Amino acid sequence: MSRPFQERLTNIEKRLEELTKLIAKKQENIFDKVIIDNDEFQRLFKISPGTAANWREQGLIAYIQINHKIIYKIKDINKMLDDNYRAFKK
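Right under this line is the structure:
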């Protein structure tokens with residue numbers, strides 16, 4: 562390969578790496594802000610309103626309450642799942 566071609570290729574690779582990092586960072590920021598309401602949370606986990614209330618009272622899941630509306634950040638749901646993960650034992 563000629564030197565100018567190799568330099569252009571290297572520049573393209575560097576730019577692709579930068580763009581990949583930028584996209585990954587933006588996706589993380591968007592994901593952190595995604596929320597679902599209490600009805601969606603109950604449907605997702607197939608639980609009753611009482612179970613959802615118990616989980617909140619026990620501190621198993623973080624939530625936001627504005628007046629009577631309860632919402633959850635997806636980030637907090639993932640944290641609850643990670644905190645309660647039990648690895649398979651052979």
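Here the working numbering is used: position 44 in the sequence shown is 605, and no number is missing along the way. Using N, Cα and C, we set each Cβ at its ideal position, and we do this for glycine too. This structure is a prediction, so every number in the text was calculated from the model and none was measured.
Of all the options the options, which has the alpha carbon lying nearest to the alpha carbon of residue i?
i: Y633; options: D643, I622 and L642; result: I622
i: I635; options: I597, K587 and E574; result: I597
i: L642; options: F606, N615, H629 and G611; result: F606
i: G620; options: E578, D600 and N645; result: N645
i: K640; options: Y624, R604 and K650; result: Y624
i: I631; options: R569, D600, N615 and S609; result: D600
Would you identify the three-state DSSP class for residue i, choosing helix, strand or coil?
i: I631; result: strand
i: Q619; result: coil
i: I625; result: strand
i: I584; result: helix
i: I608; result: coil
Taking the C-alpha atoms as reference points, what is the distance between residue i and residue j?
i: T581; j: I627; result: 37 Å
i: A585; j: R617; result: 31 Å
i: H629; j: V595; result: 20 Å
i: E578; j: S563; result: 23 Å
i: N615; j: I608; result: 11 Å
Quick check on residue i: buried or exposed, where buried means 16 or more other Cβ atoms within 10 Å of its Cβ?
i: I638; result: buried
i: L602; result: According to the sequence displayed, residue 602 carries Phe and not Leu. Buried, by the Cβ-count rule.
i: A648; result: exposed
i: A613; result: buried
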